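Novice:
2 protein chains.
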Amino acid sequence: MTVAETCLLAKEHRASIAMASEADMNAMLAASAAALRAHAGEIIAENQKDILSCTRGAQFVDRLMLDEKRIDGIAAGLEKLIALACPVGEILEERTLYNGLRLQRVRVPLGVLGIIYEARPNVTADAIGLAIKSGNAVVLRGSKDAICSNRAVMRVMKEAIAAAGFDPEFIQLIEDTSREGATAFMRMNGVVDVLIPRGGAALIRNAVENATVPIIETGTGNCHIYFENSADLSMALPILINAKTQRTSVCNACESLLIDEAFAKKHLPAIVKALREKGVEIVACEKCRAILPDLAAASEEDFYAEFLALKISVKIVEGVEEAIAHVNKYGTHHSDCIVTQDAAAAEKFLAEVDSAAVYVNASTRFTDGFEFGLGAEMGISTQKLHARGPMGLRELTSYKYCVRGEGQVRG
Amino acid sequence: MTVAETCLLAKEHRASIAMASEADMNAMLAASAAALRAHAGEIIAENQKDILSCTRGAQFVDRLMLDEKRIDGIAAGLEKLIALACPVGEILEERTLYNGLRLQRVRVPLGVLGIIYEARPNVTADAIGLAIKSGNAVVLRGSKDAICSNRAVMRVMKEAIAAAGFDPEFIQLIEDTSREGATAFMRMNGVVDVLIPRGGAALIRNAVENATVPIIETGTGNCHIYFENSADLSMALPILINAKTQRTSVCNACESLLIDEAFAKKHLPAIVKALREKGVEIVACEKCRAILPDLAAASEEDFYAEFLALKISVKIVEGVEEAIAHVNKYGTHHSDCIVTQDAAAAEKFLAEVDSAAVYVNASTRFTDGFEFGLGAEMGISTQKLHARGPMGLRELTSYKYCVRGEGQVRG
Numbered sequence: 073m074t075v076a077e078t079c080l081l082a083k084e085h086r087a088s089i090a091m092a093s094e095a096d097m098n099a100m101l102a103a104s105a106a107a108l109r110a111h112a113g114e115i116i117a118e119n120q121k122d123i124l125s126c127t128r129g130a131q132f133v134d135r136l137m138l139d140e141k142r143i144d145g146i147a148a149g150l151e152k153l154i155a156l157a158c159p160v161g162e163i164l165e166e167r168t169l170y171n172g173l174r175l176q177r178v179r180v181p182l183g184v185l186g187i188i189y190e191a192r193p194n195v196t197a198d199a200i201g202l203a204i205k206s207g208n209a210v211v212l213r214g215s216k217d218a219i220c221s222n223r224a225v226m227r228v229m230k231e232a233i234a235a236a237g238f239d240p241e242f243i244q245l246i247e248d249t250s251r252e253g254a255t256a257f258m259r260m261n262g263v264v265d266v267l268i269p270r271g272g273a274a275l276i277r278n279a280v281e282n283a284t285v286p287i288i289e290t291g292t293g294n295c296h297i298y299f300e301n302s303a304d305l306s307m308a309l310p311i312l313i314n315a316k317t318q319r320t321s322v323c324n325a326c327e328s329l330l331i332d333e334a335f336a337k338k339h340l341p342a343i344v345k346a347l348r349e350k351g352v353e354i355v356a357c358e359k360c361r362a363i364l365p366d367l368a369a370a371s372e373e374d375f376y377a378e379f380l381a382l383k384i385s386v387k388i389v390e391g392v393e394e395a396i397a398h399v400n401k402y403g404t405h406h407s408d409c410i411v412t413q414d415a416a417a418a419e420k421f422l423a424e425v426d427s428a429a430v431y432v433n434a435s436t437r438f439t440d441g442f443e444f445g446l447g448a449e450m451g452i453s454t455q456k457l458h459a460r461g462p463m464g465l466r467e468l469t470s471y472k473y474c475v476r477g478e479g480q481v482r483g
Numbered sequence: 073m074t075v076a077e078t079c080l081l082a083k084e085h086r087a088s089i090a091m092a093s094e095a096d097m098n099a100m101l102a103a104s105a106a107a108l109r110a111h112a113g114e115i116i117a118e119n120q121k122d123i124l125s126c127t128r129g130a131q132f133v134d135r136l137m138l139d140e141k142r143i144d145g146i147a148a149g150l151e152k153l154i155a156l157a158c159p160v161g162e163i164l165e166e167r168t169l170y171n172g173l174r175l176q177r178v179r180v181p182l183g184v185l186g187i188i189y190e191a192r193p194n195v196t197a198d199a200i201g202l203a204i205k206s207g208n209a210v211v212l213r214g215s216k217d218a219i220c221s222n223r224a225v226m227r228v229m230k231e232a233i234a235a236a237g238f239d240p241e242f243i244q245l246i247e248d249t250s251r252e253g254a255t256a257f258m259r260m261n262g263v264v265d266v267l268i269p270r271g272g273a274a275l276i277r278n279a280v281e282n283a284t285v286p287i288i289e290t291g292t293g294n295c296h297i298y299f300e301n302s303a304d305l306s307m308a309l310p311i312l313i314n315a316k317t318q319r320t321s322v323c324n325a326c327e328s329l330l331i332d333e334a335f336a337k338k339h340l341p342a343i344v345k346a347l348r349e350k351g352v353e354i355v356a357c358e359k360c361r362a363i364l365p366d367l368a369a370a371s372e373e374d375f376y377a378e379f380l381a382l383k384i385s386v387k388i389v390e391g392v393e394e395a396i397a398h399v400n401k402y403g404t405h406h407s408d409c410i411v412t413q414d415a416a417a418a419e420k421f422l423a424e425v426d427s428a429a430v431y432v433n434a435s436t437r438f439t440d441g442f443e444f445g446l447g448a449e450m451g452i453s454t455q456k457l458h459a460r461g462p463m464g465l466r467e468l469t470s471y472k473y474c475v476r477g478e479g480q481v482r483g
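If you read the protein sequences in the order shown, they are chains E and V.
Number 195 in my numbering belongs to position 123 of the first sequence; there are no gaps in the numbering.
Number 388 in my numbering belongs to position 316 of the second sequence; there are no gaps in the numbering.
See below:
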C-alpha cells in the first residue's frame, strides 16, 4: 500500500472511532491491553528481529528493546486511559444570537492524526491509545529500525479491537519507511489533519521544513534555571541538581544556569562543587571564569545548546531583566525557572518569559502530562499555535460550531 | 530593510504591546481611529496613486479604493474594538498538584502575527487593530498594488500611537512586495509565531506550500445546502436564495445544492425557477437532468468548485448518509446546512458533517465573527488546528503554564 492509500484508509474509517461511544472506546483499550500482555511472547520475538538487525549503539538498542516488563507497562498505560474522560462532545459555549439562532461550540476530534517517530515501539501503542480515547483516526510512521516491533504491536491491537466487535481500520501503520515515504506523509493535506513529530531535533526540523500538513512542534528543550539575587541557596541547589541530573536525556532537563552577579560572587564555588559532585561538565561565561579561573569557557553555541547530557552552560547576568532577555533569546520556549524569594522578580519572570511552562522555585522536570495532571501525554508542544506544553487528550481535539435555526436568513 | 530585519524589529518591540494595559491598548485604538479620519485626505491621495498604476479590472479596483466613507468605516471598526474585552491574562485553569505546586494556565498573546493579504488596504488597519487588542506584535505584507495605500495607513496609525505616548514599532509593514519577499516572510520561524493568509485560494495554497511558520488556513468555502426529504419548501427556498445570492463573492456563500430524490421529484422545477429568477446559472447531475432535461450538466470539477459567482451545482442524493458523504468529500469544511423538519436527520448531519460551522435550517451566510457575536474577525479558519470558523480576539491568543512552588523537585 502507498503512503497515500494508507492515510486514505484511516480517513475512510474515521467515523468508526469519531462516532464511538466512550464505553466502546474503553472496550477497545481494555481489549488492546489484555492482548498485548497475552501476546507478549510474539511481540518480543518480532522485537528481537529488529534488535538483531540494528547496528546502532547500546542507548539506541535500549530504547528499542521490549521485554515482558515493558510490555506490561505499555498495557498499563492503555488501561490508565480508560479512567480518563473522553473530551469529545463537551459543549464549550452555548448562546442564542440576536436573530434566534442557537449557537453551540462543541469539542470534536481533530480527525486523522499523523505521528512520525523514532525507534521507540512503546510510542506505537501509546499513540493508538491516545487516538482511541480522543476519537481520532491515526496513521503511524515509525522508524525502519523498529518496523517488525511496530507491525507486531499494531497487529495485536487491531486484532483485539476486531475481536471485541469493532472496526480497527481507523488505525494504520505506514509500511514504507523510506525518506520519500516520510515526505509524502508530511504532505497529505486534506487527509491528515495534524502531524505530530515525536523525537529528536533533526526529526522535528525535517517536519518543520517539509510538512505542508499542520504540525505541532514538540520536545526540544533548552531549559534554564535562574538564581535571582534573593534566592535561598538551600532551595536553589536541590532544584538545579534535580533539573540537571535526575534524568539528562529528556526535554525538560535543565541545560543552562543563569546567576545574578552578587549571588555568584558569594555562591559560585558551592554551586560548581555541587554540580561536579554529580559529574556535570560545566562551560561558563567570562565573568564566572573571573571568579573561578579553572572553569572551561562557554561558546555562543553552548548557550543555544540542548546537551541532553551531564553538561551545563553557566552565565552571570545583571538581574531579572537580563535573565528574561537571555532566556527568550537562547531558549526553546519549553520550561524555565526562577529561584527567588522576591515576589516582584518572580511575577516579572512569570509574565515576561515566553515559554510553555514558567516556574518559580521548582524543578523544570515537572513539565509533563502526568505531573500536570492531564493523565496522559502525546508530547510537549513548544509552539504557540493550538497547544502549548504537555498535550493530553484535550489537546488532540478541535471544535465545531453547531447552529440551529428556524429559517433565518442574513439581511 | 530586509524582510528578516522587519520581522525582527516587530519581535524586539513585542513587549510594547504584550505588556500594555487594556487602557493603553484602547488609547492606541482611539488615537488611530481619530488619526485615520483626520488624515483621510492624505490617505486617499496615496490610494489614488495605487489606483492610477493599477491595470486590473473594475472589481479589483473597487476593493482597492478608499474614500472618506470607507475610511470612516475603518476608523469605526477600530473604535468597536475598544468595547471588546482584551482576552489576555484570563486564567483558563488553576489547580494545586499532589506535591503542592500551584499550576495556572494563563491566556497570553500569540506573540508576532504575520498577515499576508491582497490589495485590500482596509485589512491593514483591521489587522493592526486586532493585533493591538489581543496584545500581539504584527507584521503585514500586503500586495504591491496597494503599497502606497498601506504605507499611508500604517504611517498615520503609527504616528498616532507614538503621539499618544506609546512605542509603535511592534507594528511593521514589509516593503519588499516581491514573490521572494513573501517566501522569506513565510519562513521566519522563531520570529513570526503564526502566519495568517487572507485572500483567495491561490494565496492560501501558496502559503500552505511554502510556509514553514505555522499557518492558519482561511476562507476557501465550497458551502452546501441540503434539502432533506422532510424540508418545508417555504423555508428551504429563502435559505437557498439567501445563501447563494445575497453576496456571491464571499466564502460563506452557497456553491452547491443537494436534494433528496423524492423532494426533487416534487420540487425541482420550483427550485430551478427561483434560482433562475435571481440570475443563477445551474449545473446539475444526471438525475436532475432526467427531471428537467434543459439543465446543463455538472462535471466532477463543478462539485469541487468555489464559484464565487451567480452559479450553483445541484445534485440529487439518496438521503442524509449520501449527503453527509458528499459534503465531507467535495466540501472545504467551511459551512454547510441541512434544511429539514426531521430532528434525527438534523442531529445526524450536525454530528457527522466535518465542517467549521454546521447549520440546521439557516443560511450559511451567518458564518462570520460579527454574526457569531465575537465582535471582530481576522478571518475564517477552515483547518482544525488551533482555531476553527470565525477568528476573533480570543483566537489570536495562546496560553502558558505558570507554576509556583517552594522548592519542589521531581522524585
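Built from N, CA and C at the ideal position, the CB exists for glycine as well.
Only a predicted model underlies this, so the values are computations on that prediction, with no experimental measurement involved.
(1) Would you say E281 of chain E reaches chain V, if we count a Cβ-Cβ gap shorter than 8 Å as a contact?
(2) Taking C-beta pairs closer than 8 Å, name the residues in chain E that D265 of chain V reaches, listed in chain order.
(3) At a CB-CB cut-off below 7 Å, which residues of chain E make contact with L212 of chain V?
(4) For the alpha helix (DSSP H) that contains S427 of chain V, what are its first and last residues?
(5) Counting beta carbon pairs with one atom in the region 129–140 of chain V and one in the region 433–449 of chain V, are three or more of them shorter than 8 Å?
(6) Roughly how many whole angstroms lie between the Cα atoms of L136 of chain E and V195 of chain E?
(7) Along the chain, where does the beta strand (DSSP E) containing P181 of chain E start, and where does it finish?
(8) Where do the ends of the alpha helix (DSSP H) carrying C326 of chain V lie?
(9) To test your reading of the DSSP string, which unbroken alpha helix (DSSP H) runs of 4 or more residues are found completely within the region 252–283 of chain E?
(10) Return helix, strand or coil for A92 of chain V, following the three-state DSSP convention.
(11) Using a cut-off of 9 Å between C-beta atoms, extract the partners of L169 of chain V located in chain E.
(12) Counting Cβ pairs closer than 8 Å, one from the region 358–369 of chain E and one from the region 321–330 of chain E, do we hit at least three?
(13) How would you label S250 of chain V, buried or exposed, when you count the other beta carbons within 10 angstroms and need 16 or more for buried?
(14) By how many angstroms is the C-alpha of Y402 of chain V removed from the C-alpha of T412 of chain V?
(15) Could you confirm whether any beta carbon from chain V is found closer than 8 Å to the beta carbon of Y376 of chain E?
(16) Is there contact between the region 338–345 of chain E and the region 371–379 of chain E, where contact requires at least three CB pairs shorter than 8 Å?
(17) For the region 419–432 of chain V and the region 261–277 of chain V, state whether three or more C-beta atom pairs, one from each stretch, are separated by less than 8 Å.
(18) Within 8 Å of any Cβ in chain V, is that where the Cβ of K472 of chain E sits?
(19) May I ask you to list, following chain order, the residues of the region 290–320 of chain E that have a beta carbon less than 7 Å from some beta carbon of chain V?
(20) Beta strand (DSSP E) containing I187 of chain V: first to last residue?
(21) Only counting the same chain, and skipping five residues up and downstream in sequence, which positions put a Cβ closer than 8 Å to that of V352 of chain E?
(22) Report, in whole angstroms, the separation of the C-beta atoms of L185 of chain E and R177 of chain E, which I expect to be a contact under 8 Å.
(23) Among V:A203, V:D217, V:I204, whose alpha-carbon lies nearest the alpha-carbon of R192 of chain V?
(24) Anyone know if the C-beta pair for T404 of chain V and N294 of chain V falls short of 8 Å?
(25) Does the Cβ-Cβ distance between L138 of chain E and I154 of chain E come in under 8 Å?
(26) Could you tell me if Y170 of chain V is buried or exposed, where buried requires 16 or more neighbouring beta carbons within 10 angstroms of its beta carbon?
(27) May I ask you to list the residues that DSSP assigns as paired with Y402 of chain E?
(28) Just curious, the beta strand (DSSP E) that I297 of chain V is in, first and last residue?
(29) Using a Cβ-Cβ cutoff of 8 Å, what residues of the region 416–436 of chain E are near chain V? List them in chain order.
(30) Determine the chain V residues that contact A87 of chain E at a beta-carbon separation under 9 Å, and present them in chain order.
(31) Which residue's Cα is closest to the Cα of L330 of chain E: E:M307, E:I313, E:E394?
(32) Flag this pair as yes or no: are the beta carbons of A107 of chain E and V228 of chain E separated by less than 8 Å?
(33) Would you say the region 251–258 of chain V touches the region 137–152 of chain V, given that touching needs at least three Cβ pairs under 8 Å?
(34) Is V392 of chain E close to chain V? Criterion is C-beta to C-beta, closer than 8 Å.
(35) Please report the Cβ distance between A209 of chain V and I89 of chain V, rounded to the nearest whole angstrom; I am assuming they are in contact, meaning their Cβ atoms lie under 8 Å.
(36) Among residues of its own chain, excluding the 5 on either side of Q480 of chain E, which ones have a beta-carbon nearer than 8 Å to its beta-carbon?
Specialist: If we stick to the structure as given:
(1) Closer than 8 Å to some Cβ of chain V, the Cβ of E281 of chain E qualifies, so yes.
(2) Chain E residues near D265 of chain V: Q455, K456, L457.
(3) The contact set of L212 of chain V on chain E, defined by CB atoms closer than 7 Å, is empty, because the minimum CB distance reaches about 19 Å.
(4) From DSSP, S427 of chain V is part of no alpha helix (DSSP H); its letter is neither H nor E.
(5) Pairwise C-beta distances place the region 433–449 of chain V out of contact with the region 129–140 of chain V, as fewer than three of them are shorter than 8 Å.
(6) Computed Cα separation, rounded: 10 Å.
(7) Taken as a continuous stretch (DSSP letters only), the beta strand (DSSP E) holding P181 of chain E covers 174–181.
(8) For C326 of chain V, there is no enclosing alpha helix (DSSP H); the residue is part of the beta strand (DSSP E) that begins and ends at 326–332.
(9) Complete alpha helix (DSSP H) runs here, min 4: 273–282.
(10) It is coil, neither helix nor strand.
(11) Ordered by position in chain E, the residues that pass the 9 Å Cβ test against L169 of chain V are F438, E443, F444, G445.
(12) Counting Cβ pairs under 8 Å, fewer than three are found: no touch.
(13) Exposed, because fewer than 16 other Cβ atoms sit within 10 Å of the Cβ of S250 of chain V.
(14) CA-CA distance, T412 of chain V to Y402 of chain V, rounds to 21 Å.
(15) No, Y376 of chain E does not count as interfacial toward chain V.
(16) No, the region 338–345 of chain E does not touch the region 371–379 of chain E.
(17) Contact fails between the region 419–432 of chain V and the region 261–277 of chain V, because fewer than three Cβ pairs, one in each stretch, are under 8 Å apart.
(18) Yes, K472 of chain E counts as interfacial toward chain V.
(19) Here the close residues are M307, P310, I311, N314, Q318.
(20) Note, I187 of chain V: beta strand (DSSP E), 184–189.
(21) Taken in chain order, the residues that qualify are K316, T317, L382, K383, I384.
(22) Rounded, the Cβ-Cβ distance is 21 Å, inconsistent with contact.
(23) Sorting V:A203, V:D217, V:I204 by C-alpha distance to the C-alpha of R192 of chain V places V:D217 at the top.
(24) Contact annotation: T404 of chain V and N294 of chain V have beta-carbon atoms nearer than 8 Å.
(25) No, the Cβ-Cβ distance between L138 of chain E and I154 of chain E is not below 8 Å.
(26) Looking at its Cβ environment, which holds fewer than 16 other Cβ atoms inside 10 Å, Y170 of chain V is exposed.
(27) Y402 of chain E pairs with nothing; no bridge assigned.
(28) Where I297 of chain V is concerned, the enclosing beta strand (DSSP E) stretches over 295–299.
(29) Listed by position, the residues of the region 416–436 of chain E near chain V (Cβ gap below 8 Å) are A418, L422, A423, E424, D426, S427, A428, A429, V430, Y431, V432, N433, A434, S435.
(30) Under the 9 Å cutoff, chain V gives E424.
(31) Minimum Cα distance to L330 of chain E is reached at E:E394.
(32) For the 8 Å CB-CB criterion, A107 of chain E and V228 of chain E form a contact.
(33) Segments in contact, no.
(34) Taking Cβ atoms only, chain V never reaches closer than 8 Å to V392 of chain E, which makes this a no.
(35) Taking the Cβ atoms as the reference, A209 of chain V lies roughly 6 Å from I89 of chain V, within the contact range of under 8 Å.
(36) Cβ neighbours of Q480 of chain E beyond the five flanking positions: N171, G172, L173.
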